[in-house]
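Have a look at the structure below before the remarks.
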Amino acid sequence: KDGYEIGDIATDFALKNIDGTMVSLSDFTTAKGFLVIFTCNTCPYAVAYEDRIIDLDNKYKPLGVPVIAINPNNPVIQPGDSFEAMKVRATEKGFTFPYLFDEGQNVFPVYGAKRTPHVYLLEQTESGNVVRYIGAIDDNYQDESQVEDTYVEDAVDAMLGGLEIQITETKAIGCGIKA
230 KDGYEIGDIA TDFALKNIDG TMVSLSDFTT AKGFLVIFTC NTCPYAVAYE DRIIDLDNKY
290 KPLGVPVIAI NPNNPVIQPG DSFEAMKVRA TEKGFTFPYL FDEGQNVFPV YGAKRTPHVY
350 LLEQTESGNV VRYIGAIDDN YQDESQVEDT YVEDAVDAML GGLEIQITET KAIGCGIKA
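Numbering (my numbering), first residue to last: 230 to 408.
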């Protein structure tokens with residue numbers, strides 16, 4: 230099995246945030262869920278989605294579903310995705326969420342992330358963080374004004390409303406992870 234499937238329980242992790250602190254899902258005791266988004270500094274798709282990721286965090290963090298961004302790329306292969314470069318990018322863009330470094334590339338394969346950006350919606354339940362959605366943020370990376378299907382928003386809204394998520398998986402469009 231290559232990563233998580235819908236309904237799986239996601240294991241927690243401890244990764245270094247750009248401020249030097251270690252961040253785990255268990256730190257967020259009041260969260261209803263998480264938008265775990267594998268993203269980076271250098272992929273044009275990831276860069277195209279940065280403002281939308283900030284918007285998702287601003288919309289859903291107050292409702293208990295914060296964004297947790299993780300950079301899965303190996304900085305030896307992709308120097309623009311080094312920890313130092315992450316700090317610069319987060320400051321430039323005013324990231325409102327943790328931006329974690331998957332040092333040693335140990336977390337993204339567990340999730341099965343293949344691209345940047347690649348989104349995993351987790352729901353915090355008594356049995357753990359259940360995977361509810363996997364895939365793309367929406368259906369148009371190039372032009373936000375032309376988006377017709379807001380996959381992530383639809384999934385979070387349904388989850389928070391106690392409704393069945395209509396589309397649980399989409400194909401993540403983006404750059405291959407540089408491991």
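Where is the CB? At the ideal position from N, CA and C, for every residue including glycine.
Item                                                                                                      : Value
Buried or exposed (CB count within 10 angstroms, at least 16 for buried), V348                            : buried
CB-CB length for G364 against Y340, believed under 8 Å                                                    : Actually they do not touch by this definition, with Cβ atoms about 12 Å apart.
Local conformation of K407 per DSSP, three classes                                                        : coil
Rounded separation between A277 and K261 - CA only                                                        : 27 Å
Nearest-angstrom Cβ-Cβ length linking D378 and D368, presumed shorter than 8 Å                            : 4 Å
Validate contact between the segment 238-254 and the segment 348-360 using beta carbons, cut 8 Å, 3 pairs : yes
Buried versus exposed call for T258 [16 or more other C-beta atoms within 10 Å across all chains shown]   : exposed
Under 8 Å between C-beta atoms of D331 and L244                                                           : yes
Residues near C269 by beta carbon distance below 6 Å, same chain, minus five either side                  : A275, N300, N302, D310, T345
A314 in three-state terms, based on DSSP                                                                  : helix
For A387 and N335, the rounded distance between their alpha carbons                                       : 31 Å
Buried or exposed by the 16-neighbour rule on C-beta atoms within 10 Å, applied to D286                   : buried
Endpoints, alpha helix (DSSP H) assigned at I363                                                          : I363 -> not in any alpha helix (DSSP H); beta strand (DSSP E) instead, spanning 357-364.
Whole-angstrom distance between V296 and G249, CA atom to CA atom                                         : 18 Å
Straight-line Cα distance separating L350 from F312                                                       : 25 Å
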